[in-house]
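Asks:
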Amino acid sequence: MSGFQPQQNNPPPYGQAPAAPGGFGPPGGPRPAGGPGMRPQGPGFGGPPRGPPVPAPGAGFGGMANGVGPGRPAGQPGGPPGVAGGGMRPPGAPAGAAAGPPGFQPPAPIRTSSGPPGPTAQPPAPGGFRPPGQPMSQPGGQQARPLGGAQMFRPPAPSAPPGYGAPPTGPPGAYPPQMQSMGYGPSQPTQPGMPGGYAGPPGPGPYGATPAMPGYDAGATGRVLDHFESLTLGPAAPGQSADVGVNPEYFPRPTGDAQEAAVKAPEPVHPGNAPSRFIRLTVNAVPNSQALRARFQLPLGAIVHPLADPQDVPVVNLGSAGIVRCKRCRTYMNPFVQWTDGGRRYQCNVCAQMNEVPVEYFCSLDANNVRVDSEERPELSRGTVEYIAPAEYMVRPPMPPTFFFVIDVSYAAVSAGVLPTVVESIKQSLDSLPGGERTKIGILTFDTHLHFYNLKSSLSQPQMMVVAEIEEPFVPCLPDDLLVNLGESRSVVEALLDSLPTTFAHNSSAESVMGPALQAAFMIMSGIGGKLLLFQSSIPSLGVGKIKNRDNAAAWGTDNEYKMRVPEDPFFKKFAAECSRVQISVDVFSFSSQYTDLASLGSLPKYTCGQVYYYPGFNAQRDGVKVHNEIVHNLTRTTGWEAVMRIRCSKGLRISNFHGHFFIRSTDLLALPQVDPDKAFAVQIAHEESVLTSPTAYMQCALLYTSSTGERRIRVHTLAMPVVAELGDLYRAADGGALASLLGKLAVEKAYTARLEETRQAIQHKVTLALKEFRMLHSQHTRGSLPHNKLIFPESLKHLPLWTLGLMKCAALRGTARDVNTDERIAVGLEIMAASVPNLLRLIYPNLYPVYDPAGDWGKPSPSGGVVLPPTMPLATDALNGSGAYLLDNGRIFVLWLGRTISRDFLAQVFGVDPAHPPQDSLGLAVEPARNNELSQRINALLRALRAGRANYQNCFVVRQGSPTEVHVLAYFLEDRGPGPYSYVELMAAIHKQVLSSR
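Going by the UniProt record's numbering, 576 is the number at position 576 of the sequence shown; the sequence numbering is gapless.
1. For a minimum of 4 consecutive residues, which ranges assigned as the alpha helix (DSSP H) are wholly contained in the UniProt domain "Sec23/Sec24 helical" (736-841)?
2. Would you kindly work out how many angstroms separate the C-alpha atoms of threonine 696 and asparagine 288, rounded to a whole number?
3. Exposed or buried, what is glutamine 621 when buried is set at 16 or more other beta-carbons lying within 10 Å of its beta-carbon?
4. Rounded to the nearest angstrom, what separates lysine 772 and proline 252 at their Cα positions?
5. At 3 residues or longer, what runs of the beta strand (DSSP E) sit wholly inside the region 326-410?
6. Given threonine 169, which residues of its chain have a CB within under 7 Å of its CB, disregarding the five upstream and five downstream residues?
7. What three-state label does DSSP hand glutamine 463 in the structure shown?
8. Going by beta-carbon coordinates alone, are proline 605 and leucine 830 separated by less than 8 Å?
9. Any contact of the region 845-865 with the region 586-599, i.e. 3+ C-beta pairs under 8 Å?
10. Helix, strand or coil: how does DSSP classify methionine 699 here?
11. Out of curiosity, what's the CA-to-CA distance linking proline 918 and alanine 908?
12. To the nearest angstrom, how far is it from the Cα of glutamate 561 to the Cα of alanine 555?
13. Can you name the start and end residues of the beta strand (DSSP E) that valine 895 belongs to?
14. Decide if lysine 745 is buried, meaning its Cβ has at least 16 other Cβ atoms within 10 Å, or exposed.
15. Do you know whose CA, among Ala827, Asn634, Val927, Trp803, lies nearest methionine 973's CA?
16. May I ask you to check if the CB of aspartate 623 is nearer than 7 Å to at least one heavy atom of the ligand ADP?
17. Does the pairing of the region 515-531 with the region 403-419 give three or more beta-carbon distances under 8 Å?
18. Which whole-angstrom value is the C-beta distance of valine 283 and alanine 725, which I expect to be below 8 Å?
19. Which residue wins for smallest C-alpha separation from leucine 444, given the options Lys766, Thr596, Pro479?
20. Could you pull out every unbroken alpha helix (DSSP H) segment of at least 4 residues lying fully inside the UniProt domain "Gelsolin-like" (867-916), listed in chain order?
21. What runs of the alpha helix (DSSP H), each 4 residues or longer, lie entirely inside the region 473-515?
22. With H, G and I counted as helix, E and B as strand and the rest as coil, what does DSSP make of leucine 444?
23. Determine the contact status of leucine 307 and glycine 640, defining contact as a CB-CB distance below 8 Å.
24. With a Cβ-Cβ cutoff of 8 Å, do valine 716 and valine 315 count as a contact?
25. Report the option in Asn955, Lys679, Leu777 whose CA atom is closest to the CA atom of valine 304.
26. Ignore the nearest five residues each way along the sequence and tell me which others in serine 936's own chain have a CB closer than 6 Å to its CB.
27. On the DSSP bridge assignment, give the partners of asparagine 587 in chain order.
28. Contact check, tyrosine 613 vs glutamate 630 under 8 Å by CB: the rounded distance?
29. Since tyrosine 849 is in the beta strand (DSSP E), which residue starts that stretch and which ends it?
30. Which residues in the same chain as alanine 990 place their Cβ atom closer than 7 Å to its Cβ, once the five residues preceding and following it in sequence are excluded?
31. Provide the residue span of the alpha helix (DSSP H) that contains leucine 300, from first to last.
32. Residues in the same chain with beta-carbon distance under 6 Å from arginine 892, minus the five sequence neighbours each way, listed in chain order, please.
33. May I have the straight-line CA-CA distance separating glutamate 688 from serine 650, to the nearest angstrom?
34. Quick check on the DSSP output: the alpha helix (DSSP H) that includes glutamate 984 runs from which residue to which?
35. Give every residue of the same chain whose Cβ lies closer than 6 Å to the Cβ of leucine 486, excluding the five residues on either side of it in the sequence, and list them in chain order.
36. Please determine if the region 595-610 and the region 669-683 are in contact, where contact requires at least 3 C-beta pairs separated by less than 8 Å.
Here it is as structure tokens:
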């Protein structure tokens with residue numbers, strides 16, 4: 001067992017939550033009702049697929065036995081096994097401190113002075129947000145510029161009628177004194193008579209003033225009505241032509257100068273909030289009641305990208321003080337806590353619990369009750385920090401980076417050239433594998449039999465052992481000889497990789513025992529954990545997990561359609577749950593040219609935080625470089641091992657649903673055997689109380705993991721969010737990109753239980769309801785009627801209908817069996833579930849760059865060290881020049897579209913063809929490598945810059961206008977009708993009609 005021994009071999013009863021994975025005590029905190037593997041339900045398109053209950057780890061590794069965590073004596077009562085009283089208790093905390101008493105009511109805010117007066121004037125806030133007291137006009141009397149020339153209304157904003165966001169009059173909408181200086185509402189009186197002068201959840205201090213929206217003022221529905229767009233859709237008078245007034249050029253698009261602002265969320269002004277690349281809220285405010293939340297119609301949640309771009313994340317080592325956390329809810333120290341008693345105590349911003357400050361962590365306060373060392377301590381001044389976890393947070397030594405390769409060597413893999421491509425890519429990655437001297441590696445191959453390889457360092461050549469028994473596979477030697485230290489056995493490993501293509505060069509076996517191969521790999525890895533990389537070229541046909549072709553085109557459009565998108569055999573889902581239990585993640589590389597049933601195989605990465613790579617019709621000459629680069633990126637990227645993640649919210653809120661690649665344990669603890677910068681997760685937020693009384697809500701995400709260097713780390717992201725009482729404030733604070741991302745993940749999950757047509761209708765219906773409510777809000781506040789041919793929408797959501805159209809037309813959700821094969825749908829759907837906001841927006845609305853005009857600096861080095869990008873263009877064929885060339889980038893492939901009358905000079909420079917005899921089609925044309933001229937070098941520089949850092953290595957396909965292959969590219973021009981129910985104009989007209997008809 002590689003020296004790793006569990007604390008105790010005594011598993012809890014079946015169905016109880018297993019111990020927290022990763023060798024960490026679970027971060028704790030109150031939990032909603034539920035069980036292991038079960039996801040709490042919430043609003044949306046329906047709950048995501050549930051993981052099956054699995055037996056507790058028992059003698060497995062990485063968990064705490066019988067709920068005995070660091071510093072907790074055996075036999076102490078508490079929550080389920082592995083959970084110490086609802087959360088892990090830090091060393092030195094009193095027993096039982098992790099859970100609050102029944103009926104707990106948080107105390108009120110600490111009384112503090114209001115601080116210095118706020119500024120008399122504020123600049124215009126981004127996103128159309130007007131700070132309080134600032135005139136509706138911009139400086140100099142100029143109003144906000146309408147998008148693309150669309151007509152903009154600027155009606156007066158009288159007081160709101162009942163039921164439409166009248167400003168609050170009592171404490172629920174008030175703001176504490178500290179926030180007045182930032183332009184917030186009036187102060188909230190404290191409640192006298194409470195011990196220590198506190199009576200409720202604290203408002204943030206100088207490092208806690210909610211910065212999500214600078215100058216944000218609750219009670220400002222009129223502000224959002226100052227910043228809306230309108231489109232003319234249809235005739236203004238009877239008898240006119242239906243297309244009178246419809247000008248698609250005015251339709252909002254995330255292109256050109258608007259692209260960056262549309263795709264990237266505004267960064268929080270205050271460093272106390274985590275940057276948006278780590279947590280991006282769908283709405284940068286929280287409704288103060290369930291009733292207000294229900295009226296908003298769109299999902300309230302966040303896209304969490306915990307390991308995104310590790311640059312600039314400060315690392316904190318508190319030494320002898322240990323990790324400072326709230327003794328009740330287990331929230332980590334952050335910039336929004338309130339200090340009192342001269343710095344000897346602090347009040348938790350999440351649950352209002354008063355906590356003693358460890359002597360080693362004590363520091364005096366200044367006149368504003370702020371610690372004098374706040375600027376010197378990242379955890380007190382930054383929204384994202386990473387702690388080095390002390391030994392008390394471990395129950396076993398940190399696991400080494402471990403890679404186990406399970407490779408298909410059947411006839412299909414050999415004949416297509418998959419085997420030599422894979423082994424050469426692995427070999428070239430050996431020098432870059434993380435972990436240094438700690439790295440472990442193993443290899444297993446399969447066809448109709450299992451082939452094990454003894455790689456121990458004392459051998460001069462690897463020893464191959466063949467096991468023909470597939471009903472009950474077994475390991476023929478010690479696991480330590482099959483999973484070895486790379487540094488010690490490097491020569492043996494390289495000898496094996498060099499010999500595999502030759503050994504199986506003439507293999508004629510067409511069968512596959514993939515299921516037994518996975519079972520054998522599990523037996524070898526279960527003592528340590530690690531990454532299992534499966535390379536599959538043939539459909540599993542023998543042994544457990546064998547798959548039959550169930551791709552039935554006749555089922556499309558029927559109630560049984562969804563069954564092709566969910567696993568039929570429970571083996572893969574159960575196997576994935578077992579892998580998650582022992583810290584094994586699974587990545588699937590599928591090379592099959594025929595139906596593979598990725599719906600079943602996809603369960604492996606789905607529940608283990610893995611990834612699917614799909615290469616239909618693999619061709620070594622065309623796809624070899626792509627496969628090589630994606631394997632290298634997978635093996636060498638920043639990785640967190642044996643991780644768990646938990647998200648905490650303020651009292652009155654809860655996380656109702658989780659979406660992404662993980663297995664859920666103990667209702668709110670996400671088990672992530674490995675996590676990397678290419679994985680994002682989505683959560684939905686729900687109200688537990690009918691009314692929130694605090695002016696500020698908080699959310700904190702904690703990711704506990706082992707780094708590749710063997711350190712336990714805790715990455716913490718904290719956000720403060722204003723609580724608002726008006727519907728207009730929610731529209732103003734909405735993030736269209738994050739909403740599109742969450743809607744996409746909800747749609748993919750709905751497709752597992754419904755027809756695709758129903759799924760597409762559900763997305764459109766959500767957007768329609770939101771725009772209908774906004775129109776009603778506008779009419780109520782202006783006390784006037786709008787022309788029936790005007791569709792209005794808030795500035796914050798102006799691109800959401802177009803992104804919705806992109807979702808409906810993406811490969812995961814569009815059309816029928818004739819448009820996209822089932823495996824392709826599943827692969828794209830899994831990519832959507834793990835995608836960050838920028839990656840998903842690029843997938844559903846690709847970037848289109850003109851690359852034929854040498855004018856400008858595109859393709860040249862930029863001052864920031866990158867490459868200057870051309871301005872993006874609308875995805876409409878009407879925008880294309882028949883003499884031009886355009887590069888389309890959706891994050892998965894590049895397409896270089898050539899106009900029918902493209903110049904011969906362009907063809908000669910970019911493709912090296914004879915200008916006197918240019919080709920009539922695009923077959924055989926290759927952009928890479930760069931040729932010895934400026935235009936070719938600029939296009940190649942653009943390709944390299946766009947590929948940099950991405951999980952997918954994008955092949956560049958060349959398509960000529962009018963060629964037979966163009967039909968496959970036209971689907972990406974989603975503003976045209978194409979393979980979908982609507983063009984962009986038709987969608988907007990349909991939404992407008994539904995808005996009017998449902999009033």
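Note that the Cβ used here is the ideal one computed from N, Cα and C, for glycine as well.
Replies: To lay it out plainly:
1. 736-750, 756-782, 800-809, 822-834
2. What you label residue 696 is simply residue 696 of the sequence shown in a count that begins at 1. What you label residue 288 is simply residue 288 of the sequence shown in a count that begins at 1. Near 10 Å, if we compare the C-alpha coordinates of asparagine 288 and threonine 696.
3. By 1-based counting over the sequence shown, the position of residue 621 is 621. Exposed: under 16 other Cβ atoms inside 10 Å.
4. Here residue 772 is taken as the residue at index 772 of the sequence shown, counted from 1. Here residue 252 is taken as the residue at index 252 of the sequence shown, counted from 1. Cα to Cα, lysine 772 sits roughly 18 Å from proline 252.
5. 338-340, 345-347, 354-356, 384-388, 402-408
6. Sequence index remark: in the sequence shown, residue 169 carries index 169 (1-based). Low confidence applies to threonine 169: its pLDDT is 37, below 50, so where it sits in the model is not reliable, and the reading given next is rough at best. So the list is empty, once near-sequence residues are dropped.
7. One-based indexing of the sequence shown puts residue 463 at position 463. Strand.
8. Here residue 605 refers to the residue found at position 605 of the sequence shown. Here residue 830 refers to the residue found at position 830 of the sequence shown. In contact: proline 605 and leucine 830 (Cβ atoms closer than 8 Å).
9. no
10. Locating residue 699 in the sequence shown gives position 699, where the first residue counts as 1. If DSSP states are grouped into helix, strand and coil, methionine 699 belongs with the strands.
11. Taking the sequence shown and counting its residues from 1, the one referred to as residue 918 is at position 918. Taking the sequence shown and counting its residues from 1, the one referred to as residue 908 is at position 908. Going by the C-alpha atoms only, they are around 8 Å apart.
12. Within the sequence shown, numbered from 1, the residue matching residue 561 stands at position 561. Within the sequence shown, numbered from 1, the residue matching residue 555 stands at position 555. One C-alpha to the other measures close to 5 Å.
13. Here the question's residue 895 lines up with position 895 in the sequence shown. Taken as a continuous stretch (DSSP letters only), the beta strand (DSSP E) holding valine 895 covers 894-898.
14. Here the question's residue 745 lines up with position 745 in the sequence shown. Its Cβ being crowded by 16 or more others within 10 Å, lysine 745 is buried.
15. Numbered from 1 along the sequence shown, position 973 holds the residue referred to as residue 973. Methionine is not the amino acid found at residue 973; the sequence shown has phenylalanine there. Nearest option by C-alpha distance: Trp803.
16. With respect to the ligand ADP, the structure offers nothing, as it holds no ligand at all.
17. yes
18. For the purposes of this step, residue 283 is identified with residue 283 of the sequence shown, where counting begins at 1. For the purposes of this step, residue 725 is identified with residue 725 of the sequence shown, where counting begins at 1. Contact doesn't hold; Cβ gap of about 14 Å is too wide.
19. Position 444 of the sequence shown, counting from 1, holds the residue named residue 444. Closest option to leucine 444, Cα to Cα, is Pro479.
20. 904-911
21. 479-482, 490-503
22. Sequence index remark: in the sequence shown, residue 444 carries index 444 (1-based). Strand, per DSSP.
23. Reading the sequence shown from its first residue, position 307 is the one you call residue 307. Reading the sequence shown from its first residue, position 640 is the one you call residue 640. Result yes, Cβ atoms of leucine 307 and glycine 640 sit closer than 8 Å.
24. Along the sequence shown, one-based indexing puts residue 716 at 716. Along the sequence shown, one-based indexing puts residue 315 at 315. Their beta carbons are not under 8 Å apart, which means valine 716 does not touch valine 315 by this criterion.
25. Residue numbering aside, residue 304 sits at position 304 when the sequence shown is read from its first letter. Cα-wise, what sits closest to valine 304 is Lys679.
26. Residue numbering aside, residue 936 sits at position 936 when the sequence shown is read from its first letter. The residues are Gln909, Val910, Ala930.
27. For this step, residue 587 is matched to residue 587 along the sequence shown. The question names asparagine, but residue 587 is aspartate in the sequence shown. For aspartate 587, which the question treats as bridged, DSSP gives the partners Leu533.
28. Within the sequence shown, the letter at position 613 stands for residue 613. Within the sequence shown, the letter at position 630 stands for residue 630. Indeed, because the Cβ distance is near 6 Å, the residues count as touching under 8 Å.
29. As a position in the sequence shown, residue 849 is number 849, starting the count at 1. It spans 847-850 - the beta strand (DSSP E) in which tyrosine 849 sits, taken as one unbroken run.
30. The residue you call residue 990 lines up with position 990 of the sequence shown. So the qualifying residues of the chain are Tyr982.
31. For the purposes of this step, residue 300 is taken as the residue at position 300 of the sequence shown. Segment: none, leucine 300 is in no alpha helix (DSSP H) and carries neither H nor E.
32. On the sequence shown, residue 892 is found 892 positions in, with the first residue counted as 1. The residues are Asn952.
33. If you number the sequence shown from 1, residue 688 lands on position 688. If you number the sequence shown from 1, residue 650 lands on position 650. Each residue's Cα considered, the two are about 10 Å apart.
34. The sequence position of residue 984 within the sequence shown is 984, counting from 1. As written in the sequence, residue 984 is tyrosine, which differs from the glutamate given in the question. First-last of the alpha helix (DSSP H) with tyrosine 984: 984-997.
35. Here residue 486 refers to the residue found at position 486 of the sequence shown. Excluding sequence neighbours, leucine 486 sits near Thr439, Ile441.
36. yes
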